[in-house]
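A.B. asks: Below are the structure tokens for one structure; questions will follow.
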Amino acid sequence: PGPSAVESVRAAVARVVEMGVADPDRVGLIGHSWGGYQATYLPTRTDIFAASVAGAPLTDFVSFMGALHWNPGLPELSHWETGQARMEVPFWEDPEAHRRSSPIHAVQDLETPLLMAFGNEDGVVDWDQGTEFYNFARRAGKQMVLLVYEGEDHGFRGEANQIDYHRRILEWFGHYLKGEPAPSWITEGIEIEDLEAERRRVAEKKKSSPLD
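With our numbering applied, the sequence shown closes on residue 313, and no number is skipped along the way.
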């Protein structure tokens with residue numbers, strides 16, 4: 102599913118650039134869940150995006166295959182071979198195919214600033230998929246920020262968290278696509294003792310979109 106996504110999306114981006122709809126230097130990518138997987142995978146295989154946002158992505162096709170889908174209480178094996186992943190065989194029968202479709206196995210090639218978000222009670226994609234990728238990306242010297250929302254499942258339900266995530270997406274793309282000044286959470290991170298103040302800053306921002 103990874104290589105085919107690159108082929109499809111690269112062709113789509115080339116077309117909208119050709120049509121004059123998009124600036125080739127300011128194309129952003131965003132997705133959640135399986136779309137989050139693609140928003141993590143594509144930037145490790147192509148440099149056509151100026152920034153990406155990935156919500157609750159799976160990042161390692163080997164470890165994820167052996168994980169539990171906690172919400173229904175089933176192993177991921179139940180849909181791995183014939184569901185969205187379409188891998189057809191378990192990883193031990195074709196380990197190279199699993200590595201080829203795993204974002205984490207090309208983290209060293211990530212050249213696109215990546216914002217990733219998880220809920221720490223995600224019952225669909227374990228947020229270890231996020232922390233593992235984040236730690237590797239930071240060790241490789243890549244520009245990445247990981248947001249973790251306490252008490253949230255696979256889809257964020259808390260209104261304050263929905264607003265916070267939405268506004269941070271706007272700040273992320275505002276900086277990397279529109280050249281707006283980067284807030285400190287992007288450039289420096291936030292110390293734990295400053296976390297509440299940072300949350301208030303975002304919550305008190307003036308509405309900048311009808312989606313706020």
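Ideal Cβ placement from N, Cα and C applies to all residues, glycine included.
1. Between V117 and the rest of its own chain, which residues show a CB-CB distance below 7 angstroms, the 5 nearest in sequence each way excluded?
2. Go ahead and pull the three-state DSSP assignment for F162.
3. Taking 6 angstroms as the limit between beta carbons, can you name the residues of its chain near L216, skipping five residues before and five after?
4. Does the Cβ of S109 have 16 or more other Cβ atoms within 10 Å, making it buried, or fewer, making it exposed?
5. Based on the DSSP secondary-structure assignment, which residues constitute the bridge partners of H267?
6. In three-state terms, what does DSSP make of G129?
7. Note the first and the last residue of the continuous alpha helix (DSSP H) segment covering L211.
8. Does the stretch 254-263 come close enough to the stretch 180-196 to have 3 or more Cβ pairs within less than 8 angstroms?
9. Hey, could you find the ends of the beta strand (DSSP E) G156 is sitting in?
10. Assign D124 to one of three DSSP states: helix, strand, or coil.
11. I'd like to know if the stretch 159-176 and the stretch 214-231 are in contact, where contact means that at least 3 CB-CB pairs between them fall below 8 angstroms.
12. For P176, does the three-state DSSP call read helix, strand or coil?
13. Count the other C-beta atoms from every protein chain shown that fall within 10 angstroms of the C-beta of R268, then say buried if there are 16 or more, exposed otherwise.
14. As a quick exercise: from V208, W228 and A152, pick the residue whose alpha carbon is nearest that of S57.
15. Just verifying my parser: in three-state terms, what is the DSSP assignment at G103?
16. Compare the beta carbon distance of D148 and I205 with 8 angstroms and say whether it is the shorter of the two.
17. Going by DSSP in three states, V190 sits in which element: helix, strand or coil?
18. With DSSP as the reference, identify every bridge partner of H170, one or two as the case may be.
19. Starting from the Cα of L278, find the closest Cα among L130, G136 and V114 and give me that residue.
20. Distance, Cα to Cα, G220 vs Q230?
21. In the DSSP output, which residue or residues are listed as bridge partners for Y250?
22. Does the Cβ-Cβ distance between Q139 and A106 come in under 8 angstroms?
C.D. replies: Working from what's here:
1. Here residue 117 corresponds to residue number 16 of the sequence shown, with the count starting at 1. Answer for V117: A123, listed in chain order.
2. Translated into the one-based positions of the sequence shown, residue 162 becomes position 61. It is helical.
3. As a first step, residue 216 must be located in the sequence shown, where it is residue number 115. Non-local beta-carbon contacts of L216 in its own chain, meaning distances under 6 angstroms to residues more than five positions away in sequence, involve V154, V246 and W273 in chain order.
4. As a first step, residue 109 is located in the sequence shown; it is residue number 8 there, counting from the start. Under this definition S109 is an exposed residue.
5. The count along the sequence shown starts at 1 and reaches residue 267 at position 166. Answer is none; H267 lacks a bridge partner.
6. One-based indexing of the sequence shown puts residue 129 at position 28. The answer is strand: DSSP assigns G129 an E or B state.
7. Along the sequence shown, one-based indexing puts residue 211 at 110. For L211, no alpha helix (DSSP H) segment is defined, and its DSSP state is neither H nor E.
8. With fewer than three CB-CB distances shorter than 8 angstroms, the stretch 254-263 does not count as touching the stretch 180-196.
9. If you number the sequence shown from 1, residue 156 lands on position 55. A152 to G156 is the span of the beta strand (DSSP E), which, as asked, contains G156.
10. As a position in the sequence shown, residue 124 is number 23, starting the count at 1. If DSSP states are grouped into helix, strand and coil, D124 belongs with coil.
11. Enough Cβ pairs lie closer than 8 angstroms, so yes.
12. Counting from 1 along the sequence shown, the entry for residue 176 is found at position 75. In this structure, DSSP gives P176 an extended state, which the three-state scheme calls strand.
13. Numbered from its first residue, the sequence shown carries residue 268 at position 167. Burial check for R268: the Cβ neighbour count within 10 Å reaches 16 or more, so the residue is buried.
14. Within the shown structure, residues of the chain are numbered from 102 to 313, placing residue 57 beyond reach of any answer.
15. Here residue 103 corresponds to residue number 2 of the sequence shown, with the count starting at 1. In the structure shown, the three-state DSSP call for G103 is helix.
16. Position 47 of the sequence shown holds residue 148. Position 104 of the sequence shown holds residue 205. Contact flag unset, no.
17. Your numbering for residue 190 matches position 89 in the sequence shown. Here DSSP, grouped into helix, strand and coil, assigns V190 to coil.
18. Along the sequence shown, read from residue 1 onward, the residue named residue 170 stands at position 69. In DSSP, H170 forms a bridge with L175.
19. As a working note, residue 278 is residue 177 in the sequence shown. Of the candidates L130, G136 and V114, the one whose C-alpha sits nearest the C-alpha of L278 is L130.
20. Position 119 of the sequence shown, counted from the start, is the residue given in the question as residue 220. Position 129 of the sequence shown, counted from the start, is the residue given in the question as residue 230. Taking the straight line joining both Cα atoms gives about 11 angstroms.
21. Walking along the sequence shown from the start, residue 250 turns up at place 149. Answer is G220.
22. Taking the first residue of the sequence shown as 1, we reach residue 139 at position 38. Taking the first residue of the sequence shown as 1, we reach residue 106 at position 5. The answer is yes: Cβ separation under 8 angstroms.
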